[in-house]
Amino acid sequence: MNYLNMNEKKLLPVLLELNVLLADYNLYYQKLRGFHWNILGKNFFDLHEKFEELYNDAKVKIDEIAERILTLQHHPVSQFQEYIKIATIEEVSPLLKDTEMVKELLEDHKKLLIQMRVVLTHAEEAGDEGTIDMIGAYIGELEKLSWMLNAWYKNTADQLDTSMVEKA
Numbered sequence: 001m002n003y004l005n006m007n008e009k010k011l012l013p014v015l016l017e018l019n020v021l022l023a024d025y026n027l028y029y030q031k032l033r034g035f036h037w038n039i040l041g042k043n044f045f046d047l048h049e050k051f052e053e054l055y056n057d058a059k060v061k062i063d064e065i066a067e068r069i070l071t072l073q074h075h076p077v078s079q080f081q082e083y084i085k086i087a088t089i090e091e092v093s094p095l096l097k098d099t100e101m102v103k104e105l106l107e108d109h110k111k112l113l114i115q116m117r118v119v120l121t122h123a124e125e126a127g128d129e130g131t132i133d134m135i136g137a138y139i140g141e142l143e144k145l146s147w148m149l150n151a152w153y154k155n156t157a158d159q160l161d162t163s164m165v166e167k168a
């Protein structure tokens, strides 16, 4: 029964791209767990706690993405071997320096944001407001998180673009 009143053919690209996003989030989640377990050095306390916060958030998003696919009346991809095949995010060693870990996460955020925008494009074409709403919120959250991690990564002498700020 098509209780959603949406065109099935227009939904197929949405479903395919949601499954890629699901795969990406699963690899991202596991990477965060590995970083959480293996962080060393002066930034241990801050990053250990931050990585835990991030993987808990990723775990929620994994469930929400899978449930969105189910809501759209399809089964989500659920095997790790399939995630590895379709994901844009790749596995890395968890034995990195703290700055390398943060840099790796920022690179993953770029990939996640690209994939989210692909999902949005297809969802707009399909008139899939539920997916548009969910992914739109994810984009705002991930952009803010990326800004914060990028600020942590920078040197204190670094500056952002000052062209819009009146100089004294």
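When you line the sequence shown up against full-length UniProt numbering, it's residues 1 to 168, in that order. For every residue, glycine included, the Cβ atom is placed at its ideal position computed from N, Cα and C. Nothing here was measured: the structure is a model prediction, and the numbers come from that model.
Reduced DSSP category for residue i - H, G, I as helix; E, B as strand; rest coil
i	result
residue 156	coil
residue 101	helix
residue 89	coil
residue 42	coil
Residue i classed as buried or exposed, judged by whether at least 16 other C-beta atoms fall within 10 angstroms
i	result
residue 5	exposed
residue 156	exposed
residue 117	exposed
residue 131	buried
residue 65	buried
residue 34	buried
residue 54	buried
residue 51	buried
residue 17	buried
residue 160	exposed
Pairwise C-alpha distance: residue j and residue i
i	j	result
residue 20	residue 135	13 Å
residue 153	residue 146	10 Å
residue 8	residue 67	17 Å
residue 38	residue 28	15 Å
residue 70	residue 31	25 Å
residue 92	residue 166	43 Å
residue 40	residue 98	7 Å
residue 58	residue 26	8 Å
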